[in-house]
Structure formats: C-alpha cells, structure tokens
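J.: Take a look at the following structure, please.
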Amino acid sequence: MEKNETSSSVDDKPRPWQSYHTVYTNAKAGMEGVDKEKVQRIVYEMSKGSKYFENEEKKEALMREKVENMRARCAKLSAAELSHYQTLADRRILELEATRDLSRTWLHVDMDAFYAAVETLSNPSLKGKPMAVGGMSMISTANYEARRFGVRAAMPGFIARKLCPELIFVPTDFKKYIYYSDLTRKVFQRYDPNFVAASLDEAYLDITEACRERGVAGGEIAEELRTSVYEETGLTCSAGVGPNRLLAKVCSDINKPNGQFVLPNDRMAVMTFISSLPIRKIGGIGKVTEHILRDVFEIKTCEDMLQKSGLLYALFSRSSTDFFLSVGLGIGKSDAPEVRSRKSISSERTFSATDDEALLFQKLGKWPFDLQSCHSNYFAADIAEMLCNDMQKEGLSGRTLTLKLKTASFEVRSRAVTLQNYICSSEDILKYATKLLKAELPVSLRLIGLRVSHFNDTKDAAPSDPGQKTLNGFIVSGDVSRKVLSNQTTSLNLDVSDQHFVDKVEINFSVDSREDCGTRDPSGDNHMEDLDEHLCTSDNIMEVENNDGTLCNKVADKANIGDMVQHNREPQQTEILQSEEAGSPLQVQVERSSPSTASKVHPDTDATCSSKQEDQLFWVDGYKCSLCGIEMPPNFVDERQEHSDFHLAERLQKEESSVRSRTLMPRQRVDQKDLITSHSSRRKKHKPSPKEGKHIPIDMFFVKSNQNF
DNA sequence: TCTAATAGACATC
DNA sequence: TGGGGGATGTCTATTAGA
C-alpha cells in the first residue's frame, strides 16, 4: 500500500528505494543538508537482493500488518466507546498533570561525535576530513564531515564507503574513550556528585542545588560546564537544560554540536515547546512506534498525543498510554533515579553464516580439555566461556539461560530455560546452551548469543552501568581482544562513574556471593548434582564418575562409555528406534548399558559386533565421526549418541533396502527413501513455538526421563 | 485468577 | 567480492501450573 504510494512521483519514474525505510536517512545532528533521496537510493541499491534486505522487507510487511490491524480496531470502536475512553483519558491526563514537577533543573550533556572527536584529538591530521570509527561491517560514530555525506552511526562500513569514497576508517580504541570519558565525568561530578552516566558520552545532572547555591540559572551552569569540559579534555559537548530528564535530553539535541538549549521551568514554556516537537525526538519512540502513531492516528507531534488521547487509551496498554500522555504533557522523571541492579548479562557473536553443526557447537563453547593440537579452530570463539568470565567478574549467578540465534536470513530467535538452581560456571552454561541449540538443529546461523538472568540475589548484584555495557559491546565488535576487554572493564570499574555507583549502592562483591556461584543453591541442596544423576542414570556409570577426579575425565569417560556402548547396540536396534518414536530419550537407554560390557570394547579397536567393519562408527582422534567426518567433542554425549543412532538407522535401512530392492518396483523404492528422510528429519527437528506449547524446562525433562526408567 | 515462564519486538547507546 | 554489531532493558502476548 505504502509502496504504491511512494513508488511513483511527479515525473512518474519508479523510486522503489523510497519505500525502503532505514534509520540511515533519519535526521541526526550534522545531517541537515544531506541529500536524503540520494542516500536512500544508494542504501537501497546496495541492499536489495541481500538476505538482510529480504528480512527488512519482512519486518516492513509485519509493521504494515500491525498498522492495518490497529486501524481495523479503531474503525470498530463505536461512538459510545470512544466517548467512554475519552473520559478515561481526560481523567488520566488530569492525574498525570498533578504529578508535574517544575521544581528541579536537569542538565543533559552529550559529547559531540565522541569517539570520532577523541580519535581526531589523538591524530590531528584527521581534522576536517570525513572519518568514521568502526570497520567495514559496522561503524560506531562518524564525524560531522562524514555526516554531510549521509554517513552515520550504526551504518555498515561498506555502505558508508559507497556514500563517501574518501571516508577514513579508524578502528575503535576504547582505552582512549574511557580515558576521556573519565575526564568529562570528573567535571560532571563538580556540578552533581550523583550525576547519572547514561553511557560513555552522555550524562544527566541534577543541577538544582548548584543553581540555588550559586544563584545562577541553568543556562549559566551549562555554559560553564561545557567550557570546563573543553578546557580539560579538548572535546566539545552539547547540553540541554529542562525541568526533567526527558526534556533535558531533547533539548541537548537542539543546538548540536557545541551548543545548548534551555527550556524554562514553566508550564506554558513546556507546553509550547512540546506542541510542535516531532514524536521521534522523544527517547523511547523509535522507528516502529513512530510509524504506528503516524499511520494509524496521524500523530506527528507530541501535542497530537493529547488530541488523540481517547484513541490511545482505547488501543494501547495502560503503561504505553501513560507514557504517550506524559509525552504529550512534557512530563518526565525529575526525581533522583533509583539505582537499578543489573537484570541480565549476555554475550553474543556474529560470524559468517554456517549450518555446520560441529562449528556451531564450537562457537558456543570449547571442550573442557586441550584439543588444540587436534584442531586449532576449536578455540576461535567461546561464548559460554566469555559469559562465564563476565559473570564471575561481577559475582553473578543466575537461573535462566537464554540462547539467542540469528539465522542466515536474519531472523532472530530466542530459547530459554529456567533452572531450579543458579549457575555461573562455563560448564553449566555450555551444558544447557548445548541442549537449547540442539533442539534448533538443523539451522544455518550467523549469530549465537547467551544471556543469563534471574540472578541469585538481585539486591547485591552490581548496578548496571550503561557505560560499561556499551563498552563491552563495542570492544568486542571493534576487534579488540578479550584480554583488552578484561583490562578495560577492570579499569572502568575503577573510574569516576563507578565510584559514583558504588557510593550509592554499597555493592557487596563479597566472597560469599562468589561462593554461591556454581552448582549450589541457597538451600544448600545441590540440584546440579542431582541433575547429573538424571543425566546419567546408570548407577555403575555414576560410580565410575564419582571415583574420578576431574571434570574433564568425567566427561571423557561418559563420552567413551557412550561410544563404546554404541558398538554393542546392534542387537537392541529395534527397541531403540521404538523407544525413540515413543519420545523416550535415547541417551538414557544407551547409558544404562552395562559398563562392564562397554569396558570390553574399545571404540578404536572394536570389530566384534559389526557385520561390516566399514559401516561402524567410531570417533577418530576422539572427536571425528569415522563415517561422515562430522566433528563432535566427547562431552557432547547426547549429540554423539544421536549421531550414532542416525548412522545406525541409516545402515539398517540401507541393509533392508538392499534386500527389498530385489523384489520392489522402482516406485516403491522411492517411497522407502521418503520414509527414511521423513523419519530422519523428524528426529532432528524440534522447534517449539509459543503456539505449540512451552519448552519443558531442561531439568524437568531429565527428572521426567529418570522417572520413566 | 494470579503468577511465572517463554518468546518476540522494540528501543537505546 | 561480500560484507549489515553488541549489551541491556522494557513491554506485550501467550501459555501453563498453582
């Protein structure tokens, strides 16, 4: 619909790029004179046909659907209903108006093109030249010279280079940014010791007391602060002064760069300011919300929110409506923000899309013993380990693990499991993450992420520092090694902002909190150990494990037993396949096999129970399938078991087919093949959806499994 | 009916 | 030539279990 509207214009030439909505053409400071149509066309030309583009189109279609649904709901509202909702909305507006606080003065400081400015400071030859901080895949910041070409943050480097061929790319260097950020924060602290750092380059200051003590207006303080920042860092910043944080932030953007804007603490002034303010300028209203509000309700400015308050009240949730109406009134938070503790911690990596299952598992976590000599790539990435490191640095343990996946077609999925006990070790994270990932296979992925939430004791958890979270993300994307990350994070922990947080929260990173990490839950019961029992239901196997010292050996033993048993499974084949059809976990059957039998057979030497030696599966060098070459580490017990089962079923089918082929007609042979394929794909694929029902929590799954036996 | 868990979407820097 | 980030929080819808 919108496509049709925009695909032709005055001269009737098709302009398909006009319907490709990207953030890249949005107004941003320094982009006022940009030829938007040119930028849009180049971005479109470079994007079309790509998987990313296709996904964007899908998202666009979904958004249109949302708009249509909402329009339909609007149309269904009767006059009586509308009047009812208008009454409710009017009442709510009065309630919100009563909360308006004009007694405080907030200052929002935003450093101008911070990373780019710091880079120019340390390399003056960049001055006056278009420059971007980042790389070919993504840029973090562009200086104002580059912005004139349409280059901006969050734009892929290769598109930026197309827009501005002379663009200079500078890699991110967070040590520098943290150093300069610390300098700015030292200035901020002089005006508000409890300032709120929103990121490395942004902060909110309550300057009410500073203004009162010195008998000056907010604008004067802003001017003085900006001068101090420049004198002490050589960097410019912009500032906004207003009665609350929401307005102060909007104000700081008005005279960017190196400027400021003061909104008086006066209701009329606020309402006038708000009346023509585009909704997109408000923090919290992004591309999608703007689109919906504009296309469904014709809301373009903040004032329009009040005009359409009845409809908003009718169609949005209470919290969304409250937010929209507050925006319409220019009301924001003006009290000291409560210190929020961190709610989750995560780590994710983007890589070249692959459906190589071994590779995907490898991205998730490394094997718990040294295989470097076997396969150097196994240490290329290790998300579980990185997450574990980050958690340990902050003394966190949590009981919900979420696996995030981005498919080759840019579709984002998440799969979560909530455990009965808290985890923080990389082994535990890897164990559950592997289960979650396994259930998604086969799949081609370009990103894997892990997040831990539901922390052990949120009261004692570290407060979230937006500066740090940003830092983590960019350091990793900026080709900086984990070692650097570690150092920098440590350094940041000691910087001004964090002292500031520490002052406020009295965080306790005591040994106790670390002791809570791992497999022990607050009650003192060790559910994780229980779970291990469920995982490995053979008492005999447990004996072997309990007598064993290290985890590595435990895992390896488990795996070997699985491998060994595999070679003895031929007589049980019918039972195994039936069991699987019934939904029973195959691994349990296998692991219940007698270790004494297993111990007689070595995977590499077994030749006793196969009719055909060449069809036998064993793990070359302990990790590579002898039949198809797929690589799976020994601690991937279940995966290896399933893999073995697959080959076993395949072989049986082959043998059966070869017998039948002597008597079957060609068509019947095809049917047989279909049968195998469908069976095989059914066993591999399990992709639960909200509609289909919930994931069984993993620990519950194993408890149930155990009960079955 | 309330609550917790899950999944996806959206937003920010 | 191909190449489109990472960390975190909030909200909403849906579902299942207590």
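Everything in the first sequence is counted per full-length UniProt numbering, starting at 1 for the first residue and increasing by one.
All residues carry an ideal CB built from backbone N, CA and C; glycine is no exception.
1) I believe G365 touches A336 by the beta-carbon criterion, under 8 Å. Please report the beta-carbon distance rounded to the nearest angstrom.
2) What does a CB cutoff of less than 6 Å around N560 pick up in its chain, not counting 5 residues either side in sequence?
3) Identify whether I155 lies in helix, strand or coil by the three-state DSSP scheme.
4) Taking C-alpha atoms, which residue in N244, V196, A29, K38 lies nearest to P16?
5) Return yes when the Cβ of A433 is within less than 8 Å of the Cβ of L401, no when it is not.
6) Taking the alpha carbon of V133 as the point to measure from, which residue in V109, D173, L102 has its own alpha carbon closest?
7) Expressed to the nearest angstrom, what Euclidean distance is found between the alpha-carbon atoms of residue 717 and A72?
8) Who pairs with A239 in a beta bridge, going by DSSP?
9) Between which two residues does the beta strand (DSSP E) carrying F169 extend?
10) Over the uninterrupted alpha helix (DSSP H) stretch that includes A116, give me the two end residues.
11) Which class does N456 belong to by DSSP, given the choice of helix, strand or coil?
12) Can you grab the Cα-Cα spacing for the pair T236 / S425, in whole Å?
13) Would you check if there are 3 or more beta carbon pairs closer than 8 Å linking the segment 318 to 334 to the segment 245 to 258?
14) What does the alpha-carbon distance come out to for the pair S47 and G150?
15) Can you grab the Cα-Cα spacing for the pair F509 / N194, in whole Å?
16) Assign P278 to one of three DSSP states: helix, strand, or coil.
17) Closer than 7 Å by C-beta to T350: which residues in its own chain qualify, once you throw out the five before and the five after it? Chain order, please.
18) Taking S78 as the reference, which of A314, S319, Y20 has the closest Cα?
19) Who are the near neighbours of G30 in its chain, counting only those whose CB is closer than 8 Å to its CB and skipping five residues on each side?
20) Exposed or buried, which one is S181 when buried takes at least 16 other CB atoms within 10 Å?
21) Give me the residue from L121, V262, G157, D304 with the minimum Cα distance to E231.
22) Assign A80 to one of two classes, buried (16 or more other C-beta atoms within 10 Å of its C-beta) or exposed (fewer than that).
23) Could you give the first and the last residue of the continuous alpha helix (DSSP H) run that contains T208?
24) Can you look up Y313 in the DSSP assignment and give me helix, strand or coil?
25) Give the secondary structure of F174 by DSSP, where H, G and I count as helix, E and B as strand, and everything else as coil.
26) Nearest by alpha-carbon distance to F53: which of Y20, F361, S83 is it?
27) Answer with buried or exposed for R340, where buried requires no fewer than 16 other C-beta atoms within 10 angstroms of its C-beta.
28) Run the CB neighbour count on A98, radius 10 Å, all protein chains shown included, and call it buried at 16 or more, exposed below.
29) Is it buried or exposed for L62, if we count other Cβ within 10 angstroms and need 16 for buried?
30) What are the boundary residues of the alpha helix (DSSP H) that V67 is part of?
31) Compute the Euclidean distance between the alpha carbons of R91 and S319, then round it to the nearest angstrom.
32) Taking the Cβ atom as the reference point for each residue, do A197 and R185 lie within a distance shorter than 8 Å?
33) Around the C-beta of F158, are 16 or more other C-beta atoms found within 10 angstroms, so that it is buried, or is it exposed?
34) Rounded to whole angstroms, what is the Cα-Cα separation between Q392 and N421?
35) Do the CB positions of V118 and Y177 come within less than 8 Å of each other?
36) In the DSSP assignment, the alpha helix (DSSP H) including M46 goes from what residue to what residue?
T.: Looking at the atomic coordinates:
1) Looking up residue 365 in the first sequence gives position 365. Looking up residue 336 in the first sequence gives position 336. G365 to A336, Cβ: 42 Å. No contact.
2) What you label residue 560 is simply residue 560 of the first sequence in a count that begins at 1. Here the model assigns N560 a pLDDT of 31, short of 50, so the residue's position is not dependable and the matter cannot be decided.
3) Here residue 155 is taken as the residue at index 155 of the first sequence, counted from 1. Per the sequence shown, the amino acid found at residue 155 is Met instead of Ile. In this structure, M155 counts as coil in the three-state DSSP scheme.
4) If you number the first sequence from 1, residue 16 lands on position 16. For P16, the nearest C-alpha among the options comes from K38.
5) Here the question's residue 401 lines up with position 401 in the first sequence. Here the question's residue 433 lines up with position 433 in the first sequence. It is a contact, given that the beta carbons lie within the stated cut-off.
6) Taking the first residue of the first sequence as 1, we reach residue 133 at position 133. Closest option to V133, Cα to Cα, is D173.
7) Because the chain here runs from 1 to 709, residue 717 falls outside it and cannot be looked at.
8) Along the first sequence, read from residue 1 onward, the residue named residue 239 stands at position 239. In DSSP, A239 forms a bridge with V109, Q260.
9) Translated into the one-based positions of the first sequence, residue 169 becomes position 169. In the DSSP annotation of this structure, the continuous segment of the beta strand (DSSP E) that includes F169 starts and ends at 168 to 170.
10) Indexing the first sequence from 1 puts residue 116 at position 116. Counting along the chain, the alpha helix (DSSP H) containing A116 begins and ends at 114 to 122.
11) Residue 456 sits at position 456 when you count from the first residue of the first sequence. Reduced to three states, the DSSP call for N456 is coil.
12) The sequence position of residue 236 within the first sequence is 236, counting from 1. The sequence position of residue 425 within the first sequence is 425, counting from 1. So the alpha carbons of these two residues sit roughly 44 Å apart.
13) Short answer: they touch.
14) For the purposes of this step, residue 47 is taken as residue 47 along the first sequence, with counting starting at 1. For the purposes of this step, residue 150 is taken as residue 150 along the first sequence, with counting starting at 1. C-alpha separation (whole angstroms): 16 Å.
15) Within the first sequence, numbered from 1, the residue matching residue 509 stands at position 509. Within the first sequence, numbered from 1, the residue matching residue 194 stands at position 194. Any reading at F509 is ruled out, since the residue's pLDDT is 25, under 50, leaving its predicted position unreliable.
16) If you number the first sequence from 1, residue 278 lands on position 278. Here DSSP, grouped into helix, strand and coil, assigns P278 to strand.
17) What you label residue 350 is simply residue 350 of the first sequence in a count that begins at 1. Cβ within range, chain order: R446, L447.
18) Within the first sequence, residue 78 is the residue found at index 78, counting from 1. Per the Cα distances, A314.
19) To locate residue 30, count along the first sequence from 1; it is residue 30. Taking G30 as the centre and dropping the five residues before and after it, the same chain places the C-beta of A113, Y144, R147, R148, K256, P257 closer than 8 Å to its C-beta, in chain order.
20) For the purposes of this step, residue 181 is taken as residue 181 along the first sequence, with counting starting at 1. Burial call: buried.
21) Taking the first residue of the first sequence as position 1, residue 231 is located at position 231. The shortest C-alpha separation from E231 is found at L121.
22) On the first sequence, residue 80 is found 80 positions in, with the first residue counted as 1. Exposed is the call here.
23) Counting from one through the first sequence, the residue named residue 208 turns up at place 208. Unbroken alpha helix (DSSP H) run through T208: 208 to 214.
24) One-based indexing of the first sequence puts residue 313 at position 313. The DSSP-derived three-state label of Y313 is helix.
25) Within the first sequence, residue 174 is the residue found at index 174, counting from 1. In the structure shown, F174 adopts helical secondary structure according to DSSP, grouped into three states.
26) In the first sequence, the residue the question calls residue 53 occupies position 53. The candidate whose alpha carbon is nearest that of F53 is Y20.
27) Your numbering for residue 340 matches position 340 in the first sequence. R340 comes out exposed.
28) Here residue 98 is taken as the residue at index 98 of the first sequence, counted from 1. Looking at its Cβ environment, which holds fewer than 16 other Cβ atoms inside 10 Å, A98 is exposed.
29) Taking the first sequence and counting its residues from 1, one reaches residue 62 at position 62. The residue is exposed, with fewer than 16 neighbouring Cβ atoms inside 10 Å.
30) Reading the first sequence from its first residue, position 67 is the one you call residue 67. From DSSP, the alpha helix (DSSP H) with V67 extends over 51 to 76.
31) As a working note, residue 91 is residue 91 in the first sequence. As a working note, residue 319 is residue 319 in the first sequence. Their backbone Cα atoms lie some 15 Å apart in a straight line.
32) Translated into positions along the first sequence, residue 197 becomes position 197. Translated into positions along the first sequence, residue 185 becomes position 185. Closer than 8 Å, so yes.
33) Numbered from its first residue, the first sequence carries residue 158 at position 158. Flag for F158 reads exposed.
34) Residue numbering aside, residue 392 sits at position 392 when the first sequence is read from its first letter. Residue numbering aside, residue 421 sits at position 421 when the first sequence is read from its first letter. Q392 and N421 have their C-alpha atoms spaced approximately 17 Å apart.
35) Position 118 of the first sequence, counted from the first residue, corresponds to residue 118. Position 177 of the first sequence, counted from the first residue, corresponds to residue 177. Taking 8 Å as the Cβ cut-off, V118 and Y177 qualify as a contacting pair.
36) Here residue 46 refers to the residue found at position 46 when the first sequence is read from its first residue. Here the alpha helix (DSSP H) through M46 covers 36 to 47.
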